[in-house]
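Following: one structure in structure tokens, then a few remarks.
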Amino acid sequence: MKIKGEALKQFRESAGITQSQLSEYVGVDKNTISRWETGNRGVKDDNCRKLANALNITVAQLMGLPEHPPTDTQSMEAGIDIGLQEIKRYGSLDSIIQAPGRCNRSPSLVSRLVQIRDEIKDAYGKTDQHDRSIIKATLSALEADIVAIENTEKEHAAETTQKMA
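With positions in the sequence shown counted from 1, the corresponding number in this note's numbering is that position plus 204.
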């Protein structure tokens, strides 16, 4: 997903962190931070997490996505469909990964997620109400796990920010 350079700058400034301080934490040159903020350079996946941790935000916020993930299956499916449209627009997973201003994603991970999504959609249409309830409960549990991980990342980022201050 594309990082929102303007959001990166706003979050950095709100945290009272200079580009130099942020560059030291992430382990990149100050000019790289500037290029990220202007959208002139893509951000690797591990650097996305480092940025989010340093700024005490989630990677989703850094990408300009809603703070709270969708709570219903239809919304989650819509989000997955948008991701698939993006894959189709760029032509391949490699094109998405190499596009400027995007976090690098593991092609095998993205491929596996697409495969899982297709398996769920196929199974969902061929199952009875009980099995559909199990699928929905599993998706809800996965969503809760993601929220818990993001909260842990936020806590870690807050500790890191305090250490930097």
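Ideal placement from N, C-alpha and C gives every residue a C-beta, glycine not left out. Treat the numbers as computed from the prediction; the structure is a model and nothing was measured.
Going by other Cβ atoms of all chains shown within 10 Å of its Cβ, with 16 needed for buried, is residue 261 buried or exposed?
Here residue 261 refers to the residue found at position 57 of the sequence shown. Per the 10 Å Cβ criterion, buried.
Whole angstroms is fine: what's the gap from residue 240's alpha carbon to residue 323's?
For this step, residue 240 is matched to residue 36 along the sequence shown. For this step, residue 323 is matched to residue 119 along the sequence shown. In a straight line, the C-alpha of residue 240 is about 36 Å away from that of residue 323.
Which first and last residues belong to the alpha helix (DSSP H) in which residue 216 is found?
For the purposes of this step, residue 216 is identified with residue 12 of the sequence shown, where counting begins at 1. Per DSSP, residue 216 belongs to the alpha helix (DSSP H) from 209-218.
Which one of 230, 237, 225 and 229 has the shortest CA to CA distance from residue 210?
Within the sequence shown, numbered from 1, the residue matching residue 210 stands at position 6. When only C-alpha atoms are compared, the closest one is 237.
Quick one: is residue 367 buried, meaning 16 or more other Cβ sit within 10 Å of its Cβ, or exposed?
Within the sequence shown, numbered from 1, the residue matching residue 367 stands at position 163. Only exposed fits residue 367, as fewer than 16 other CB atoms lie within 10 angstroms of its CB.
Beta-carbon contacts of residue 256 that lie in its chain and below 8 Å, excluding the five residues immediately before and after:
If you number the sequence shown from 1, residue 256 lands on position 52. The residues are 262, 263, 265, 266, 357 and 361.
In whole angstroms, give me the CA-to-CA distance for residue 355 and residue 363.
Sequence index remark: in the sequence shown, residue 355 carries index 151 (1-based). Sequence index remark: in the sequence shown, residue 363 carries index 159 (1-based). Roughly 12 Å separates the two Cα atoms.
How long is the line joining the alpha carbons of residue 353 and residue 359, rounded to whole angstroms?
Within the sequence shown, numbered from 1, the residue matching residue 353 stands at position 149. Within the sequence shown, numbered from 1, the residue matching residue 359 stands at position 155. Their backbone Cα atoms lie some 10 Å apart in a straight line.
In this structure, does DSSP put residue 232 in helix, strand or coil?
In the sequence shown, residue 232 corresponds to position 28, counting from 1. DSSP, read as helix, strand or coil, puts residue 232 in coil.
Residues near residue 229 by beta carbon distance below 6 Å, same chain, minus five either side:
Position 25 of the sequence shown, counted from the first residue, corresponds to residue 229. Hits under 6 Å: 258.
Neighbour-count burial assignment, residue 221, 16 or more Cβ in a 10 Å radius:
Along the sequence shown, one-based indexing puts residue 221 at 17. Burial call: buried.
Could you pull the start and end residues of the alpha helix (DSSP H) that residue 245 belongs to?
Here residue 245 refers to the residue found at position 41 when the sequence shown is read from its first residue. Boundaries for residue 245: no alpha helix (DSSP H) harbours it, and the DSSP string shows neither H nor E there.
Should residue 304 go down as buried or exposed, given a rule of 16 or more other Cβ atoms within 10 Å for buried?
Start at 1 with the first residue of the sequence shown, and residue 304 comes out as number 100. Residue placement at residue 304 is flagged as unreliable, the pLDDT there being 47, under the threshold of 50; a coordinate-derived value is accordingly withheld.
Compute the minimum distance between the beta carbon of residue 213 and the heavy atoms of the ligand NAP, and state whether it is under 7 Å.
In the structure on display, the ligand NAP does not appear, and there are no ligands present to speak of.
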